[in-house]
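Colleague: If you read the protein sequences in the order shown, they are chains S and A.
Counting from 1 along the first sequence, just add 26 to a position and that's the residue number in this note's numbering.
Counting from 1 along the second sequence, just add 3 to a position and that's the residue number in this note's numbering.
Cβ coordinates follow ideal geometry from the N, Cα and C atoms, glycine included.
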Amino acid sequence: MDGGIVKNGLDALVDDRVDEGMFRVDRSVYTDEEIFELEMRNIFEKTWVFLCHEAQVAKHGDYFWTEIGRQPVYVHRQEDGSLRCFINACSHRAAILTPFRQGNAKTLTCRFHGWTYKCSGACVGIKNEEEGTDRSHYDLREIARLESYKGFVFGCLNPDVMPLEDWLGATKAWIDLMVVQSPDGLEVVPGNSTYRIDGNWKLQAENGVDGYHVSTVHRVFAHTIQSRESKGEYTGIKKTEAGRIAGGVPTGSYDLGNGHMAIWAQHTTPEVRPIWEAKDRLEKELTPAQVEWILRRGRNLYIFPNLLLMDNPSTQIRLMKPVSANRVDVTVYCIAPRGESKAARAGRLRKFEDFYLTAGMATSDDIAALEDTHEGSLAREAKWSEFTRGIDTYTKGPDEDAKALGFEPAASSANWDHEVLFHGFYRNWLKLMKGETA
Amino acid sequence: MDGMQGGLRLDALVDDRPKDKVFRVDRNIYLDEAIFEAEMKTLFEGNWQFICHESQVRKPGDYFATHLGRQPIYVHRQPDGGLKGFLNACSHRAAILTPYQKGNAKTLTCRFHSWTYKCSGECIAIKNEDGTYPEGFDRSVYDLKEIGALGSYRGFVFGSISADVAPLEDFLGEAKAFLDFVADQSAAGLEVLPGSQRYIVGGNWKMSTENAVDGYHTSTVHRVFANTVRQREAREGYEGMMKTEVGRLARQVRNGCYDLGQGHMVIWAERDPVSTSPLSEAEARLERDHPSGKVDWMLRRGRNLIVFPSLMINDFAATQIRIFRPISVDRTEVTIYCLAPSEESREARYARLRKFEDFFMASGMATSDDVVALEATHEGSRGRVARWGEFHRGMNTMIVGPDDVALAGGFRPETSNTSWDHETLYYSFYRTWLKHIERA
């Protein structure tokens with residue numbers, strides 16, 4: 027028995043020799059339980075993790091239960107309008123305190139022995155309390171850091187983590203592209219879908235910004251949509267622009283630093299996009315570069331380690347929860363500009379269902395591909411996964427598009443088929459795994 | 004392994020003292036995760052494993068996907084009739100390449116990013132290749148990786164992840180004779196019949212292997228099967244090949260067991276009567292083509308063979324390939340196929356299939372009882388204080404070397420014994436097992 031990949035050297039897992047035209051990753055990063063354990067400790071419990079959108083906890087008492095790595099936490103809107111986040115475990119015997127994933131409660135009472143906590147985490151009720159008990163001893167454990175960027179709420183268990191905005195870096199310009207679509211901000215449309223992938227979480231992370239698979243895995247989606255739309259019942263924003271799936275449009279990809287990544291593709295028919303109705307206003311209020319990116323470019327943004335923000339046929343938050351080396355749970359939410367028209371909202375929701383829901387026609391194909399990939403990764407003798415496409419054509423730093431919008435990627439590629447963006451992902455992964463700070 | 008496991012010496016796992024009339028194994032071997040890891044590495048990924056029968060990949064382009072240990076692989080029939088075996092993982096990002104468990108394809112295209120490979124494993128297409136790779140890029144670096152070893156004996160295809168293995172025939176040793184007894188039944192060749200069944204046993208794989216050559220449980224676990232079949236046959240008036248010979252279940256016929264060496268094992272029992280066997284229609288042909296000592300083995304004796312560590316070839320009520328694939332220490336995936344001479348009559352084929360269903364299928368009346376017994380055994384093994392699993396029945400009657408019928412059949416077992424109730428056949432299995440584990 028080899029007694030552990032981790033002990034034998036994490037460096038050997040990422041074969042990073044770009045100068046020699048080589049970047050590849052040992053497939054055991056997807057399958058090894060010991061590596062997974064270390065990811066939980068050194069990545070998910072050490073750095074910023076996306077928790078929820080502020081719109082999901084808008085009112086005093088609104089709570090949202092999620093996980094940081096494997097640790098359950100919940101975000102609770104306070105009386106003064108601020109947010110706090112607590113470890114979701116009763117101080118008495120650890121039962122989780124939130125009866126639902128999302129809800130509203132000024133106090134939370136444990137369903138096991140009736141202990142009660144205020145919004146603030148203060149322990150305010152102990153059933154059959156003994157005289158002289160100092161209840162404050164049992165106040166809930168608050169997580170070390172909680173910060174929000176333009177409505178996107180992140181938490182961290184590590185008090186020494188860098189400020190959120192430094193961590194987000196170049197992704198901020200991309201988040202802004204979502205936020206500025208409405209003067210009233212974004213809302214998270216009610217409802218969500220949670221599904222399980224029998225594969226490693228990093229496969230889902232990669233897939234969210236992998237343009238190369240689209241013309242293979244989603245070919246059937248494109249054909250189905252095309253044939254449905256040719257029957258004439260779908261016009262205007264009900265249409266899905268399938269042109270980019272067939273290729274032949276400008277595309278690109280970015281290593282945004284800190285493990286963050288993004289891809290984009292030009293829309294062939296931007297007028298079918300729900301946001302098209304806001305064209306005049308956007309052109310008045312925003313820079314030409316912002317307008318171009320919002321209206322005419324589909325974008326997938328990955329924020330390390332657990333968040334995907336997509337604005338392609340529809341707009342979504344895709345949240346990843348690693349369960350074990352060979353399982354990740356994924357939850358999708360549709361996000362939308364507040365105040366959009368009924369027709370735009372209907373178009374957005376139908377396209378969200380078509381592509382992003384597991385009951386739809388695209389995500390289901392992705393899941394099959396990812397599970398096939400996890401299974402194939404078990405063929406240990408075929409050791410390496412390849413990330414070399416575009417290795418000698420990328421631009422260090424920003425390309426012209428990035429400069430125009432005003433963000434600083436670590437590397438730019440003029441094609442979403444290229445794999446250079448993943449180099450930053452795996453370098454950051456390795457750095458954190460080795461216990462270094464981001 | 005380092006010689007110690009959970010405070011236990013590895014060599015203490017098998018208490019091998021025939022001189023003291025003791026042979027027993029520590030039940031921890033069915034439970035321990037570290038032992039399971041070592042088994043995967045040495046037995047299942049470092050040694051020969053059965054893959055499929057040649058009839059399952061007959062034509063150029065036919066592929067068959069399975070696992071060696073935990074690693075997905077597939078074999079692919081080449082245009083020149085040769086067979087190659089590959090790790091089932093795209094060279095790009097590891098997605099498995101076979102859309103189905105078996106099929107026919109001259110090329111395989113990955114369903115993730117459309118990379119395409121020829122039958123030969125050669126990478127012949129990378130989607131949007133132009134301009135995306137460094138100058139001088141050579142696509143052949145992405146040719147598929149072949150498995151370490153691939154070989155075939157009388158139509159039975161074996162492979163190994165590791166290239167560091169003995170020649171296949173040396174590995175098979177005396178088990179070859181028992182593969183011959185099956186292969187020789189047909190002049191036209193054996194075929195694996197369409198369809199298969201797969202089920203999970205909630206227990207360690209070694210219990211399934213043991214059970215495959217355990218005659219002792221038959222009169223207990225399969226008593227209800229025997230009674231049910233007997234009643235049905237009397238009521239419905241079954242005749243000839245449609246009858247299931249159940250005499251041996253009541254222990255009225257000669258039977259025995261062999262330790263074939265190298266971990267291979269056999270139990271056998273006389274057929275009673277021979278006319279119930281679908282092969283009985285070929286008696287004259289067999290007698291003409293083969294020595295009678297061998298025909299006795301092919302036709303007149305039912306046989307269960309274990310090829311170390313986990314392939315069962317069974318020729319009793321029907322003829323079957325049964326593969327035990329360890330999933331985890333307490334889960335075993337079992338796949339069964341019905342095997343038959345391709346030239347047999349419609350009537351014989353019909354009888355063979357009905358009996359296959361009756362006994363061997365998970366939906367039949369015997370396998371289901373075995374599964375219950377194996378899961379009960381796994382559960383009981385958790386009672387760690389009762390430490391030992393016993394294998395000492397028949398020590399007094401064990402014959403070193405061949406008995407009379409082995410000599411007539413032309414094979415030389417390490418030991419023979421006079422009853423299939425006896426447990427001496429397991430000795431080389433556990434000795435070989437221990438040798439492998441100690442190597443890890």
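#1: If you measure between the beta carbons of His400(S) and Ala97(A), is that distance less than 9 Å?
#2: Taking the continuous beta strand (DSSP E) assigned at Pro75(A), which residues delimit it?
#3: Hey, Thr101(A) and Ile127(A) are a contact pair by Cβ (cut 8 Å); roughly how many whole angstroms apart?
#4: Note down, in chain order, every chain S residue with its Cβ under 9 Å from the Cβ of Lys130(A).
#5: In the segment 81-100 of chain A, which residues sit with their C-beta less than 9 Å from some C-beta in chain S, listed in chain order?
#6: Report yes or no: is there a C-beta of chain S within less than 9 Å of the C-beta of Cys113(A)?
#7: Specify the secondary structure class of Lys130(A) as computed by DSSP and reduced to three states.
#8: Going residue by residue through the segment 429-462 of chain S, where are the continuous alpha helix (DSSP H) segments of at least 4 residues, counting only ones entirely within it?
#9: If you measure from the CB of His449(S), is any heavy atom of the ligand SAH nearer than 8 Å?
#10: Find the nearest neighbour of Tyr420(S) within the set Glu426(S), Asp58(S), Ala437(S), Gly274(S), judged by alpha-carbon distance.
#11: For Arg406(S), which residues in chain A fall below 7 Å Cβ to Cβ?
#12: Can you name the residues that DSSP bridges to Glu93(S)?
#13: With which residues is Pro363(S) paired in a DSSP beta bridge?
#14: Which residues does DSSP pair with Gly278(S) in a beta bridge?
#15: My guess is that Ser422(A) and Gly386(A) are in contact by the Cβ rule of under 8 Å, so how many angstroms apart are they, rounded?
#16: Can you tell which of Trp302(S), Val40(S), Lys198(S) has the C-alpha that lies nearest to the C-alpha of Glu434(S)?
#17: Find out if the Cβ-Cβ distance for the pair Ile270(A), Arg306(A) is shorter than 9 Å.
#18: Taking 9 Å as the threshold (beta carbon to beta carbon), is His400(S) in contact with chain A?
#19: Return the first residue and the last residue of the alpha helix (DSSP H) that Asn130(S) is part of.
#20: With 9 Å as the C-beta to C-beta threshold (strictly closer), list the residues of the segment 417-430 of chain S near chain A in chain order.
#21: Am I right that Leu445(A) and Ile440(A) are in contact with their C-beta atoms under 8 Å? What's the rounded C-beta distance?
#22: What number of angstroms, rounded off, separates the C-alpha of Phe413(S) from the C-alpha of Asp306(S)?
#23: What residues from the segment 41-61 of chain S come within 7 Å of chain A, judged by C-beta to C-beta, listed N to C?
#24: With a threshold of 16 other CB atoms inside 10 Å of the CB of Phe126(S), please say whether the residue is buried or exposed.
#25: Please report whether the beta-carbon of Glu63(S) lies at a distance below 9 Å from any beta-carbon of chain A.
#26: Taking 8 Å as the threshold, find out whether the segment 201-221 of chain A comes into contact with the segment 373-383 of chain A through three or more Cβ pairs.
#27: Return yes when the Cβ of Ile201(S) is within less than 9 Å of the Cβ of Leu396(S), no when it is not.
#28: Starting from Ser163(A), find everything on chain S with Cβ-Cβ shorter than 7 Å and list it in chain order.
#29: On the criterion of 16 or more Cβ atoms from any shown chain inside 10 Å, does Lys130(A) qualify as buried, or is it exposed?
#30: Can you tell me which residues form a DSSP beta bridge with Tyr103(A)?
#31: Sort Val332(A), Pro137(A), Gly367(A) by Cα distance to His225(A) and report the nearest one.
#32: Would a check of beta-carbon distances place Ser438(S) closer than 9 Å to chain A?
#33: Closest Cβ-Cβ distance between Glu441(A) and chain S: below 9 Å?
#34: Please classify Leu335(S): does DSSP put it in a helix, a strand, or coil?
#35: Can you name the residues of chain A whose CB is closer than 7 Å to the CB of Ser11(S)?
#36: Taking its Cβ as the centre, do 16 or more other Cβ atoms sit within 10 Å of Asp58(S), making it buried, or is it exposed?
Modeller: Once the coordinates are examined:
#1: yes
#2: 74-80
#3: With 8 Å as the limit, Thr101(A) and Ile127(A) do not qualify as a contact, their Cβ atoms being about 17 Å apart.
#4: Tyr238, Ser241, Thr242, Asp443
#5: Phe89, Leu90, Asn91, Ala92, Cys93, Ser94, His95, Arg96, Ala97, Ala98, Ile99, Leu100
#6: yes
#7: coil
#8: 447-459
#9: By its list of ligands, the structure shown contains no ligand whatsoever, and the ligand SAH lies outside what it can speak to.
#10: Ala437(S)
#11: Gln74
#12: Pro98(S)
#13: Leu212(S)
#14: Trp290(S)
#15: Between Gly386(A) and Ser422(A) the Cβ distance is about 28 Å, and since that is not below 8 Å, they are no contact.
#16: Lys198(S)
#17: yes
#18: yes
#19: Where Asn130(S) is concerned, there is no enclosing alpha helix (DSSP H), although the beta strand (DSSP E) it sits in stretches over 128-130.
#20: Ile417, Asp418, Thr419
#21: Since the first residue shown for chain A is 4 and the last is 443, residue 445(A) is missing from the structure and cannot be characterised.
#22: 41 Å
#23: Gly47, Arg53
#24: exposed
#25: no
#26: yes
#27: no
#28: Chain S residues near Ser163(A): none, gap ~11 Å exceeds 7 Å.
#29: buried
#30: Answer by DSSP bridge pairing: none, since Tyr103(A) is not bridged.
#31: Gly367(A)
#32: no
#33: no
#34: strand
#35: Since the first residue of chain S shown is 27 and the last is 464, residue 11(S) is not available in this structure.
#36: buried
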